[in-house]
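Using the numbering used here, the letters of the sequence shown map in sequence onto residues 108 to 438.
Heads up, the beta-carbon is just placed ideally off N, CA and C, and yes, glycines get one too.
Shown next, in structure tokens, is the structure this report addresses.
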Amino acid sequence: MSQLRKDPFGPGWVIISPERGIEPSDFGSVRSKAKTSPLSPGNEKLFGQERQALRPQHSSVGSPDWQIRVVDMPQALLSPKDFLVSEEGPFIAASSSGYQELIIEHPDARMTLENMPKEHLRQVIKIYRDRLAFLGSRPGIEHVQLSRNAGQVAGAHYDHPHANLLALPVKNRWLEEELETANDYYEKSHSCVFCDVIRAELKRKERLISHNKHFLAITPYASKTPFETWIFPAQHSSSFATLATNVIDDLADLMKAVLHSINSVLDYPPYNMVLHTLPNEANDRYHWHIELLPRLTRQAGFDWSTGFYVNPTPPEDAARFLKEALMMQGV
């Protein structure tokens, strides 16, 4: 039976509709990858200024012996210039001010996030944190965003492991809706809605995929898409930029486990990974989190016209499939 579910983190509602009967076997993807790409070592001159890199101690900037590399986004839509706003009646425009960076996560184009050696993924996460902290501290920046697009269907520009980093002088609509909802909840209950959901999910376990000392992964109660998965820090934290180095191993372990289980159940689907975080400031009402969104369905006219997402896979079923995959992996 279909069910309307209110999103605890935003103003919207979702229709959970298992009658549509979509099973994991309905999904699949192409796993073959090219051996090289424009992001591979040797192509350093094709890209903008190198902002940060992990390479041998005596290596020089721009040399091809890097392990992780951060460069200015090619053909960036934004640039670090003054943010000038103009108004003409009801119409408001502004200069395309901001920062865009490309994090090339591994020299091997065929590598995937979940198959990276743990120490390498640990360094990738540290660079995520450091770049977000740096850009979030730039004057005038209101929003920082990290995203990964895996597969062409998910919008990946390169067939190579990479992440996109964005810093803007304006706020993000989706994060602002989450923050507004969190503020309303706090005023009524005097507690963080994210922390309360985490406690409830750890107790109920029906949507809990996996957890360790510092992080947990769930399929959200009002999942907008099949097998949508969120990763939270177990303790309250509003900014990824303040991530403690001594917990990064646990985050790497959980990310690898969750992605392996998604690949096992859904046959390597294209997916988007998005980090929702405040730039740097502490906030006792908001909780940073990572959203993993396998690209399995498309929005139709009903979704666009009503503003409702229709999810054919109940999150409880998705969590069960993913937990079973983890058990088969011995995780």
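- The three-state secondary structure of ASP114, taken from DSSP, is coil.
- Bounds of any alpha helix (DSSP H) do not take in ARG314, whose DSSP letter is neither H nor E.
- With fewer than three CB-CB distances shorter than 8 Å, the region 272 to 282 does not count as touching the region 423 to 433.
- Annotation for ASP189: no beta strand (DSSP E) segment contains it, and DSSP assigns it neither H nor E.
- For THR332, no pairing in a beta bridge is given by DSSP.
- Contact between PHE116 and VAL300 holds, since their C-beta atoms are separated by about 7 Å, short of 8 Å.
- The beta carbon of LYS188 lies closer than 7 Å to those of SER202 and SER204 in the same chain, with the five residues before and after it left out.
- Put simply, the region 261 to 273 touches the region 202 to 222. At least three CB pairs are less than 8 Å apart.
- Note on GLN156: under 16 other CB atoms within 10 angstroms of its CB, so exposed under the neighbour-count rule.
- Residue burial annotation: HIS297 is exposed, with fewer than 16 other C-beta atoms found within 10 angstroms of its C-beta.
- The residues PRO171 and PRO214, in chain order, have a CB closer than 6 Å to that of PRO148 in the same chain once the five nearest residues on each side in sequence are set aside.
- Taking a contact as a CB-CB distance under 8 Å, the pair ARG158 and VAL177 counts as one, their CB atoms being some 5 Å apart.
- Within the same chain, and ignoring the five residues on either side of TYR293 in sequence, the residues whose Cβ sits closer than 6 Å to its Cβ are ARG392.
- DSSP places MET434 in the helix class (H, G or I) of the three-state scheme.
- Taking MET435 as the centre and dropping the five residues before and after it, the same chain places the C-beta of SER371 closer than 8 Å to its C-beta, in chain order.
- Residue pairing by DSSP places ILE397 opposite ILE338 and LEU382 in a beta bridge.
- Taking HIS343 as the centre and dropping the five residues before and after it, the same chain places the C-beta of CYS299, PHE301, CYS302, ASP391 and HIS394 closer than 8 Å to its C-beta, in chain order.
- Cα atoms of SER244 and ASN387: separation of roughly 7 Å, rounded to the nearest angstrom.
- Between the alpha carbons of ARG229 and PRO340 lies a distance of about 16 Å.
- Excluding its 5 nearest sequence neighbours in each direction, PHE190 has C-beta neighbours in its own chain below 7 Å: ALA201, SER202, SER204, GLY247 and PRO276, listed in chain order.
- For LEU209, the uninterrupted beta strand (DSSP E) run begins and ends at 206 to 211, by DSSP.
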